[in-house]
Structure formats: C-alpha cells, structure tokens
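Input: a single structure, listed below in structure tokens.
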Amino acid sequence: MRRHWTDLWQLAVGLLNFMDEKQAQKIKAINRIFHEVEADFYDQRHPEILAERRRWQNLAEKYLPRLRRPRVVLDVGTGTGFVAGLLAPYLSAADQIICTDISPQMLASAKNALKDFSGRVELVENDGEQLNFLPSGSVSLVALNSVLHHLPDYERLLSEIDRVLQPGGLFCVLHEPNQKFAQSGFLVFISRALNFLNSKFGREKSRAKEDLTGAVNKRLIR
Numbered sequence: 695m696r697r698h699w700t701d702l703w704q705l706a707v708g709l710l711n712f713m714d715e716k717q718a719q720k721i722k723a724i725n726r727i728f729h730e731v732e733a734d735f736y737d738q739r740h741p742e743i744l745a746e747r748r749r750w751q752n753l754a755e756k757y758l759p760r761l762r763r764p765r766v767v768l769d770v771g772t773g774t775g776f777v778a779g780l781l782a783p784y785l786s787a788a789d790q791i792i793c794t795d796i797s798p799q800m801l802a803s804a805k806n807a808l809k810d811f812s813g814r815v816e817l818v819e820n821d822g823e824q825l826n827f828l829p830s831g832s833v834s835l836v837a838l839n840s841v842l843h844h845l846p847d848y849e850r851l852l853s854e855i856d857r858v859l860q861p862g863g864l865f866c867v868l869h870e871p872n873q874k875f876a877q878s879g880f881l882v883f884i885s886r887a888l889n890f891l892n893s894k895f896g897r898e899k900s901r902a903k904e905d906l907t908g909a910v911n912k913r914l915i916r
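Residue numbers for the sequence shown follow the numbering used here, beginning at 695 and rising by one.
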C-alpha cells in the first residue's frame, strides 16, 4: 500500500511539474510576442526607465574600475540596449559586453543603439533563465533592469547568475516592482498623478499603447 501511494505521489508531482513547464512556456511565448511588437517604440512607452540613467552611470564609475580585467559584462534582458549603452563608455577595448533578450526584434534595436561599440558587443537570443552558453565564473558584472518580474522562474536565473559570476563579481538589479513602493501612499499617489497627466497630455504614448494592444492581440490569436 505504501508503495502504491508513493507511486501516486510521484505521478502527481510529475504532472504538476509538466503543467508548470507548459505554463512557463506560455508566459515566455507571450513575453516574446509582446516585446517583438513593442521593440520599435519601447523607449517611448517607458520614459520612467530613463530615470535610472544616472544610477547606472554612478554604478559604472564607482565599481567597474574595481573589477578584474579584462571585464565581461552580461546585460540580461537588454531590450533596446539601454543599460549596455550606459556601461560601455566606462569599459576598455579589451572588455566585452554580452546582451541577451528573448526577442530578436529587441536585439535588433539594441544592435543599432550599440553600433558605436559593436567590436566588443555580443548579442544572444536567450529566454533569460538559462545561461548555459557561458562558462562558470566567466562574468565580471551581471546587470538586470526591469527583468525579473517578466520571468516565470526567476530563481532559475538567479541560480545561473550565481554560477557564471566571478568571485568578487558584481550583480546589479534596478527598476523592479517592490513592496516599499506599494506600501507608500505618497509614491502611489505620485504614480497615479503622473499616469493621469500622461493620459491627458501624453497623446503619443496613448497612441503607442493602442497600437501595441492591437498588434499583440493579432499575434496571439493566430
């Protein structure tokens, strides 16, 4: 009887894992479609991310000189190449920047944005959870900007980052949803006020939002 229940339990766990994996694949597919469609006007729709510009520059000025050379920077979920473009001027010709994204169209945008640094930039299409193209201990700095909340299994990525990061390397995460914001009445009020003003005066962004919604829906119902 015990063996019978053990077999049933293992079967149930296997089914749950299978369902979780199917759900994860759906999320990744939607992420890919969404960002494929959004690539051409992502920066226009997300001006709030530009507020992180000075933070990334401060980080580069303070910490990049401390890292062992030659340095390898990994920008996971690079999008249009925003973070890589900010870090690149602080790197030497011997250093390397690896930019990954689930969307080929986003990578195309990043390639164009980073054309001045093309000799040391590598673009990799990747789902953001598996970094098996990188050897263990090969990366000096890992950068994530507005990425973790898109992943169905962010812990898998964190485990991979732990593997590829060099001893003494740097892991930087910016622009993620957090409890501090949700619990701050003042920050929530400011956010809603800005959204209201944008809905009244941000016509270009509103039009981009409508175009994006229609395009994503068309891709999803194919």
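Quick reminder that beta carbons are idealized off the backbone N, C-alpha and C, glycines included.
Keep in mind the model is a prediction, meaning the values are calculated, not measured.
What does the Cβ neighbour count give for residue i, buried or exposed, with the cut at 16 atoms within 10 Å?
i, result
"E854", "buried"
"N820", "buried"
"Q717", "exposed"
"A804", "buried"
"T794", "buried"
"N839", "buried"
"W699", "In this prediction, W699 scores a pLDDT of 42, lower than 50, which makes its location untrustworthy; the coordinate-derived value is nonetheless stated afterwards. Its Cβ having fewer than 16 others within 10 Å, W699 is exposed."
"E849", "exposed"
"F776", "buried"
"S797", "buried"
"E816", "exposed"
"A837", "buried"
"H869", "buried"
"G862", "exposed"
Along the chain, where does the alpha helix (DSSP H) containing residue i start, and where does it finish?
i, result
"E849", "Y848 to V858"
"V777", "F776 to L781"
"L753", "R747 to Y757"
Tell me residue i's beta-bridge partners as DSSP assigns them.
i, result
"F865", "V836"
"Q790", "V766"
Quick one: give me the first and last residue of the beta strand (DSSP E) that residue i is part of.
i, result
"V766", "V766 to V770"
Nearer than 6 Å: is that true of the beta carbon of residue i relative to any heavy atom of the ligand COA?
i, result
"L828", "Inclusion of the ligand COA in the displayed structure is not the case, the ligand content being empty and no account of it being possible."
Verify the CB distance criterion: does residue i have a CB-CB separation below 7 Å to chain B?
i, result
"L825", "No chain B appears in this structure, which consists of one protein chain only."
Would the segment 775-786 count as touching the segment 795-815 if we require 3 or more Cβ pairs under 8 Å? yes
Whole beta strand (DSSP E) runs in the segment 794-825 with 3 or more residues, listed along the chain? 815-819
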